[in-house]
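*Asks:* The structure that follows is given in the form of structure tokens.
There are 2 protein chains.
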Amino acid sequence: METLTKSSESLLFSQTFLKAWALQLKRFTQVVDELGDETLANQTAPGRNTGIYILGHMVAVHDGIYPLLGFGDRLYPELDALFIRTPDAGKGYPDAASLRLKWKEVNQRLTEKLEAMDPHEWLDRHTAVSESDFAKEPNRNKLNVIVTRLAHVGYHAGQLVYLKEKVQD
Amino acid sequence: METLTKSSESLLFSQTFLKAWALQLKRFTQVVDELGDETLANQTAPGRNTGIYILGHMVAVHDGIYPLLGFGDRLYPELDALFIRTPDAGKGYPDAASLRLKWKEVNQRLTEKLEAMDPHEWLDRHTAVSESDFAKEPNRNKLNVIVTRLAHVGYHAGQLVYLKEKVQD
């Protein structure tokens with residue numbers, strides 16, 4: 001069996017991770033695509049967030065990863081007021097079509113930057129941690145941001161599927 | 001700034017990932033711990049899985065990771081019939097107390113093995129992929145199993161929180 005060189009190890013770590021990230025995004029997007037605009041406006045469970053709120057929340061969070069990883073300015077900072085700082089009001093939201101587009105746009109733009117990173121850059125500090133804190137906790141790196149966001153994609157995917165019709169057992 | 005050697009790079013990849021894994025397990029466990037046995041018996045949304053089914057499902061899936069990563073035999077293979085191969089029947093399940101214990105036991109045992117791995121072992125083949133397939137798709141490694149399961153923890157955590165009382169906005 002061929003032994004991996006150390007640098008190909010890091011490359012394989014990052015490639016494995018990027019593929020898993022892409023798969024989770026794809027699964028979330030598939031659920032969103034399956035749900036019509038009217039269904040998306042419904043609550044995922046009684047008294048819980050609507051689909052449209054969850055979609056807007058995901059767009060805002062993923063758009064926010066861009067500056068957090070030092071990639072530059074985000075596209076839609078105004079979404080935070082609606083979908084992060086304020087709980088679901090059930091109305092007053094951008095239409096579903098525009099959020100569906102933004103979800104794809106924001107992830108496409110982010111993924112391009114992630115794929116262009118050198119493997120060791122995953123281990124660099126993200127912009128929300130100070131240099132001194134990072135020296136003490138080197139796991140607060142870019143990889144950690146994306147792993148945490150990957151779990152977050154799963155979290156809201158698990159809720160969004162409750163808008164799908166229940167298949168008879 | 002100090003430059004990381006290649007071997008410390010792999011170590012940091014695996015350590016970052018292990019901490020993120022531990023955090024997601026801790027969050028899921030916190031939700032389980034907050035819910036009483038009676039609440040756990042309820043459906044997470046109308047017509048959807050009960051909390052007890054989700055907990056049993058998580059125990060079965062995480063117990064199943066053990067042999068998948070080549071660590072040895074699992075503890076509770078009999079749970080698959082109840083919680084993986086069969087949809088929620090709403091009754092006939094082990095009591096909540098025993099599943100709560102098993103959840104912690106299974107993760108403790110798994111985490112010990114994960115923490116004992118050399119960083120490069122994360123990139124090894126898992127037991128459900130053949131050598132020839134692995135040669136073509138080297139991302140089907142142990143890391144990929146755990147990243148996928150991490151998203152899965154998030155998925156069901158997002159559903160389980162629907163059993164918590166809604167905080168007034």
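Chains A and B supply the protein sequences, listed in that same order.
At position 37 of the first sequence (counting the first as 1) the number is 37 in the working numbering, and the numbers step up by one without a gap.
At position 116 of the second sequence (counting the first as 1) the number is 116 in the working numbering, and the numbers step up by one without a gap.
Heads up, the beta-carbon is just placed ideally off N, CA and C, and yes, glycines get one too.
What is the rounded straight-line gap between the Cα of Thr44(A) and the Cα of Trp122(A)?
*Replies:* Going from the Cα of Thr44(A) to the Cα of Trp122(A) covers about 35 Å.
*Asks:* Between Gly198(B) and chain A, is any beta-carbon pair separated by less than 9 Å?
*Replies:* Because chain B here runs from 1 to 169, residue 198(B) falls outside it and cannot be looked at.
*Asks:* According to DSSP, is Arg109(A) part of a helix, a strand, or is it coil?
*Replies:* DSSP places Arg109(A) in helix when its eight states are reduced to three.
*Asks:* Show which residues of chain B have a CB atom less than 8 Å away from the CB atom of Ser10(A).
*Replies:* By Cβ distance, chain B contributes Lys6, Glu9, Ser10, Phe13.
*Asks:* Please check if any C-beta of chain B sits within less than 9 Å of the C-beta of Thr44(A).
*Replies:* Taking Cβ atoms only, chain B reaches closer than 9 Å to Thr44(A), which makes this a yes.
*Asks:* Would you tell me roughly how many angstroms separate the C-alpha atoms of Glu165(B) and Pro46(B), rounded to the nearest one?
*Replies:* Whole-angstrom Cα-Cα distance: 15 Å.
*Asks:* Rounded to the nearest angstrom, how far is the Cβ of His62(A) from that of Leu110(A), given a contact under 8 Å?
*Replies:* Correct: roughly 6 Å between the Cβ atoms.
*Asks:* Name, in chain order, the residues that DSSP records as bridge partners for Asn139(B).
*Replies:* Asn139(B) pairs with nothing; no bridge assigned.
*Asks:* Under a three-way DSSP split, which group does Arg100(B) fall into?
*Replies:* DSSP places Arg100(B) in helix when its eight states are reduced to three.
*Asks:* What does a CB cutoff of less than 7 Å around Leu82(B) pick up in its chain, not counting 5 residues either side in sequence?
*Replies:* The answer, listed in chain order, is Gly56, Tyr93.
*Asks:* Can you tell me which residues form a DSSP beta bridge with Gln43(A)?
*Replies:* Gln43(A) is bridged to Thr50(A).
*Asks:* Nearest by alpha-carbon distance to Leu69(A): which of Tyr162(A), Val153(A), Pro138(A), Val129(A) is it?
*Replies:* Checked all of Tyr162(A), Val153(A), Pro138(A), Val129(A); the closest Cα to Leu69(A) is Val129(A).
*Asks:* Taking only beta-carbon atoms, is Val181(B) less than 9 Å away from chain A?
*Replies:* What is shown of chain B runs 1 to 169, which leaves residue 181(B) out entirely.
*Asks:* Quick one: give me the first and last residue of the alpha helix (DSSP H) that Leu79(B) is part of.
*Replies:* Run containing Leu79(B): 79-83, per the alpha helix (DSSP H) assignment.
*Asks:* Per DSSP, which one or two residues make a beta bridge with Arg125(B)?
*Replies:* BP columns for Arg125(B) point to Asn141(B).
*Asks:* How is Glu165(B) classed by DSSP in three states: helix, strand or coil?
*Replies:* Looking at Glu165(B) - three-state DSSP - the assignment turns out to be coil, as it is neither helix nor strand.
*Asks:* Confirm, please, whether the CB-CB distance from Pro119(A) to Leu11(A) is below 9 Å.
*Replies:* For Leu11(A) and Pro119(A), yes; Cβs fall inside 9 Å.
*Asks:* In whole angstroms, what separates the C-alpha of Trp103(B) from that of Gly36(B)?
*Replies:* The alpha-carbon atoms of Trp103(B) and Gly36(B) are separated by roughly 15 Å.
*Asks:* So, is Val90(A) buried or exposed, given that buried needs 16 or more other C-beta atoms within 10 angstroms?
*Replies:* As written in the sequence, residue 90(A) is Gly, which differs from the Val given in the question. So Gly90(A) counts as exposed.
*Asks:* Looking at chain A, which residues of the region 45-65 of chain B have a Cβ within less than 8 Å of any of its Cβ atoms?
*Replies:* Against chain A - using a Cβ distance shorter than 8 Å - the residues of the region 45-65 of chain B are Ala45, Pro46, Gly47, Arg48.
*Asks:* Decide yes or no for the touch test of the region 71-86 of chain A against the region 133-145 of chain A: beta carbon pairs closer than 8 Å, at least 3 of them.
*Replies:* Contact between the region 71-86 of chain A and the region 133-145 of chain A is absent, because fewer than three Cβ pairs lie under 8 Å.
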